[in-house]
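In my numbering, each residue carries its 1-based index in the sequence shown increased by 315.
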Amino acid sequence: MPMPRWWGHVNKRVFNPRAIAAGKYPVLIHVGRTSGKTRHTPLDAHPVDGGYLFVPVYGPEADWVRNIMTAGQARLRIDGREVDLTGPRLVGADEFPDGVTRPPKPLRVTEFLRMDLKP
Numbered sequence: 316m317p318m319p320r321w322w323g324h325v326n327k328r329v330f331n332p333r334a335i336a337a338g339k340y341p342v343l344i345h346v347g348r349t350s351g352k353t354r355h356t357p358l359d360a361h362p363v364d365g366g367y368l369f370v371p372v373y374g375p376e377a378d379w380v381r382n383i384m385t386a387g388q389a390r391l392r393i394d395g396r397e398v399d400l401t402g403p404r405l406v407g408a409d410e411f412p413d414g415v416t417r418p419p420k421p422l423r424v425t426e427f428l429r430m431d432l433k434p
């Protein structure tokens, strides 16, 4: 796992609510796979041809990744608008777009979540 899970719990309860309230960050809106509740996850959204790429710094087993993979869709609030996303899939570093800052090597992030804009 790239980042320790305990740090993810701190982020989820302390820093994420503040980031969402600030309204400065892209927010991925998805449904909990077991609870059915709407979840909001602030994170970087990197535009790619026909969609967006997300960096799961807590690994592909992070709750938000698993929720989206189960649902097969999500919404992204970015730049004051919301877009529908579909077709979630994990991709390797070879699909990471040029010009986007890669995560630091010590995090050992090797998989990224790619989603397409819903037509």
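Where a beta carbon is used, it is the ideal one built from N, C-alpha and C, also for glycine.
- Here residue 408 is exposed, its C-beta having fewer than 16 other C-beta atoms within 10 Å.
- According to the DSSP assignment, residue 356 belongs to the beta strand (DSSP E) that extends over 353-357.
- Around residue 365, the same chain offers 431 and 432 as residues with beta carbons nearer than 7 Å, after the five sequence neighbours per side are excluded.
- Going by DSSP, residue 401 is part of the beta strand (DSSP E) stretching over 396-407.
- Of the other Cβ atoms in all chains shown, 16 or more fall within 10 Å of the Cβ of residue 357; this residue is therefore buried.
- By the neighbour-count criterion, in which a residue is buried when 16 or more other Cβ atoms sit within 10 angstroms of its Cβ, residue 371 is buried.
- Going by C-alpha positions, residue 434 is about 33 Å away from residue 423.
- Taking residue 361 as the centre and dropping the five residues before and after it, the same chain places the C-beta of 367, 368, 412 and 415 closer than 7 Å to its C-beta, in chain order.
- With respect to the 8 Å criterion, residue 381 and residue 404 are not classified as neighbours on the basis of their beta carbons.
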